[in-house]
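Each remark here refers to the structure printed beneath this line.
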Amino acid sequence: MAKVLVVDDAAFMRMMIKDILTKNGYEVVGEAADGQQALEQYKELKPDLVTMDITMPEMDGITALKKIREIDPEAKVIMCSAMGQQAMVIDAIQAGAKDFIVKPFQADRVLEAIKKVLG
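For what it's worth, full-length UniProt numbering labels the leading residue of the sequence shown as 1, then goes sequentially.
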């Protein structure tokens, strides 16, 4: 069972993703509300996959992505973006994100991205 770390500053967004994941056989091993927490939890939990919001307080998702990839170049991170953040999505892909999903989340798109990234 793949272990996932869910990162979003909005609790209800984390809940939505968690719901989609657990219903489909993934284990959510941790949650973080900002990039700094995401980095700490990544080191501690070593998840198979991270879903990472782009816009967050303390440390944004792209910075967190870069720092996670410094400690683990193999890290699999899927970015979550709101509509209209295309430029940030491009930055994220260049920084090493494997895919991105757009809010509001559609279960089938989330699962498709995860399956693709986890192989």
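Here a beta-carbon is modelled for each residue, glycine too, at the ideal position from N, C-alpha and C.
Whole alpha helix (DSSP H) elements within the stretch 1–40, 4-residue minimum: 11–23
CB contact flag (residue 54, residue 79, <7 Å): Locating residue 54 in the sequence shown gives position 54, counting from the first residue. Locating residue 79 in the sequence shown gives position 79, counting from the first residue. Yes, they are a contact pair.
Residues near residue 9 in its chain [Cβ-Cβ closer than 7 Å; skip 5 each side]: For the purposes of this step, residue 9 is identified with residue 9 of the sequence shown, where counting begins at 1. Excluding sequence neighbours, residue 9 sits near 33, 34, 53, 56, 57.
Span separating the alpha-carbon of residue 76 from that of residue 117: In the sequence shown, the residue the question calls residue 76 occupies position 76. In the sequence shown, the residue the question calls residue 117 occupies position 117. Rounded to whole angstroms, residue 76 to residue 117 spans 7 Å at the Cα level.
Beta-carbon proximity check, residue 68 vs residue 42, cutoff 7 Å: Counting from one through the sequence shown, the residue named residue 68 turns up at place 68. Counting from one through the sequence shown, the residue named residue 42 turns up at place 42. In this structure, residue 68 places its C-beta atom within 7 Å of the C-beta atom of residue 42.
Paired residues, beta bridge with residue 49 - DSSP: Counting from 1 along the sequence shown, the entry for residue 49 is found at position 49. 4.
Residue 106 versus 95, 119, 81, 90, residue with shortest Cα-Cα distance: One-based indexing of the sequence shown puts residue 106 at position 106. Comparing Cα positions, the closest option is 81.
Three-state class that DSSP yields for residue 88 in the structure shown: Taking the first residue of the sequence shown as 1, we reach residue 88 at position 88. Residue 88 falls in the helix class under three-state DSSP.
Beta-carbon spacing of residue 4, residue 26 below 7 Å: Walking along the sequence shown from the start, residue 4 turns up at place 4. Walking along the sequence shown from the start, residue 26 turns up at place 26. Yes.
Option nearest residue 12 by Cα separation, candidates 37, 31, 48, 23: By 1-based counting over the sequence shown, the position of residue 12 is 12. That would be 31, whose Cα lies nearest to the Cα of residue 12.
Through-space distance from residue 38 to residue 14, alpha-carbon basis: By one-based count along the sequence shown, residue 14 stands at place 14. By one-based count along the sequence shown, residue 38 stands at place 38. For residue 14 and residue 38, the distance between alpha carbons rounds to 13 Å.
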